[in-house]
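There are 2 protein chains.
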Amino acid sequence: MTDRKEHLYVVFENLLKIKNGCSCEVFSECGLSDITVKQVGYLKTIDEHGEVTFSGLAKITRNSKPTITEIINKFVRMECVYRDRCPDDGRIYYIRLTEKGQMIARSEKHALLKMIEKMAHSLDEDEMDTLIQILSKMK
Amino acid sequence: MTDRKEHLYVVFENLLKIKNGCSCEVFSECGLSDITVKQVGYLKTIDEHGEVTFSGLAKITRNSKPTITEIINKFVRMECVYRDRCPDDGRIYYIRLTEKGQMIARSEKHALLKMIEKMAHSLDEDEMDTLIQILSKMK
DNA sequence: TTTGATTAGTTAGGCTTCGCCTAACATATA
DNA sequence: TATATGTTAGGCGAAGCCTAACTAATCAAA
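What follows is the structure, encoded as structure tokens:
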């Protein structure tokens, strides 16, 4: 490997460490350090679909309705989600993310934003512009 | 958020997507797409400690010896690890990573290396030098 | 050098949690 | 009255851990 690539490796390794640290912060701020990958996946699905019902989530995730009830009850206990009864049809409940739930569903984005904040503290405007200009070329 | 930060967000989001794609490639090349986070953790521990025995790994990970036997048997079936009997003391077995096991233990590094390779294809030498110079300032 | 104690790893069996299921149900709507 | 939404009850298998009892190898001391 060339010297140049090795250098690149080192600076990006550092950058990823910083971003990783930010990810962990997001979870521990929510007091949910031991949430599972699967659970985060469900929160993301709920976030992406907006107005999801229990049956809807069951279809999307290919689970039975009781399984969804169970998953949602757990999320309610974790304060990530709440039931929102449909005003037009009392049988239907929408699954809504709490602020905490949304935070976790978008944890990667939040971590990245945190990293960018740190970047803005370490670099000046010209340097940021140069970064943008160079990295835009990546495919 | 300023325009500049938003731009930075976009370029880094793209970069992370590329790196993430590389991570998945590493696992699927090994035919182990459904390995768990915990398992990867154990492989990393084994990799980092070099010459680990069963008792050693039990102490490091605070598990019982039978648990380690179980974990290692699973890894042997996955072809990630093999037993290497100590020539001086027949009671002792060293836990060694196979090439596959090492690949997974170092998957993040491998993914990053892959990303750097892609970078080297998209950017010229001056640009890479500029990147290195700017990103070195990040703390 | 033999024998008893100690150490390394294994086997057997058990426990809890997770994540899923089906069947039967209550409630709301049509 | 028939149908749709969500819940409850109960069960199942896999994961991931444990303790107790075992085998095999080494060490130490008579």
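Top to bottom, those sequences are chains A and B.
Using this note's numbering, the first residue of the first sequence is number 69, and each one after it goes up by one.
Using this note's numbering, the first residue of the second sequence is number 69, and each one after it goes up by one.
For every residue, glycine included, the Cβ atom is placed at its ideal position computed from N, Cα and C.
For residue j and residue i, the rounded distance between their alpha carbons
i      : j      : result
B:R159 : B:S123 : 11 angstroms
A:G99  : A:N88  : 17 angstroms
B:L203 : A:P155 : 53 angstroms
B:T121 : B:I86  : 37 angstroms
A:I136 : A:Y150 : 13 angstroms
B:F80  : B:D115 : 30 angstroms
B:R72  : A:M206 : 18 angstroms
B:D192 : B:S91  : 24 angstroms
A:Q201 : B:I139 : 48 angstroms
B:T198 : B:H189 : 16 angstroms
B:R174 : B:L165 : 11 angstroms
A:V105 : A:R130 : 17 angstroms
A:D194 : B:L76  : 12 angstroms
A:H117 : B:E74  : 24 angstroms
A:Q107 : A:C148 : 11 angstroms
A:P134 : A:N141 : 10 angstroms
A:I128 : B:A126 : 41 angstroms
A:E176 : B:D157 : 49 angstroms
A:M196 : A:Q170 : 29 angstroms
Distance cut-off 7 angstroms: residue i Cβ against heavy atoms of the ligand MG
i      : result
B:Y150 : The ligand content of the structure shown is nil, which means the ligand MG is not present either.
Neighbour-count burial assignment, residue i, 16 or more Cβ in a 10 Å radius
i      : result
B:V78  : exposed
B:S96  : exposed
A:G109 : exposed
B:S132 : exposed
A:H178 : buried
A:S101 : exposed
DSSP three-state assignment for residue i, whether helix, strand or coil
i      : result
A:R151 : strand
B:L165 : strand
B:T225 : With chain B covering only 69 through 207, there is no way to say anything about residue 225 of chain B.
B:T104 : coil
A:T70  : coil
Partners in chain A for residue i, counting only beta-carbon separations shorter than 7 angstroms
i      : result
B:H75  : I200
B:V149 : Near B:V149 there are no residues of chain A at all, since even the closest Cβ is about 23 angstroms away, more than 7 angstroms.
Reference residue i, options the options, closest by Cα
i      : options                        : result
B:T70  : A:E185, A:L199, A:Q201         : A:E185
A:L181 : A:E93, A:D157, A:T104, A:P134  : A:E93
B:Y162 : B:D152, B:M171, B:I139         : B:D152
B:M146 : B:P134, B:K127, B:I172         : B:I172
A:K168 : A:K112, A:H189, A:I128         : A:K112
A:I103 : A:T166, A:A126, A:F143, A:E176 : A:F143
B:M187 : B:L83, B:Q107, B:A126, B:I128  : B:L83
Chain-ordered neighbours of residue i on chain B, where CB pairs are closer than 7 angstroms
i      : result
A:K207 : S190
A:E97  : Within chain B, no residue comes near A:E97; the closest Cβ sits about 19 angstroms away, beyond 7 angstroms.
A:E193 : R72
A:M187 : L76, M206
Partners in chain A for residue i, counting only beta-carbon separations shorter than 9 angstroms
i      : result
B:N208 : Coverage of chain B is limited to positions 69 through 207, which leaves residue 208 of chain B absent and any answer about it impossible.
B:D197 : R72, H75
B:I86  : M206, K207
Contact list for residue i against chain B, beta-carbon separation under 9 angstroms
i      : result
A:N204 : Before going on, a small fix: residue 204 of chain A reads as Ser here, not Asn. Residues of chain B passing the Cβ test: H75, V78, V79, N82.
A:M146 : Under the 9 angstroms cutoff, chain B gives no residues; its nearest Cβ is about 19 angstroms from A:M146.
Within chain B, partners of residue i - CB distance below 8 angstroms
i      : result
A:I184 : K73, L76, Y77, F80
Chain A residues whose Cβ lies nearer than 8 angstroms to that of residue i
i      : result
B:V105 : V105
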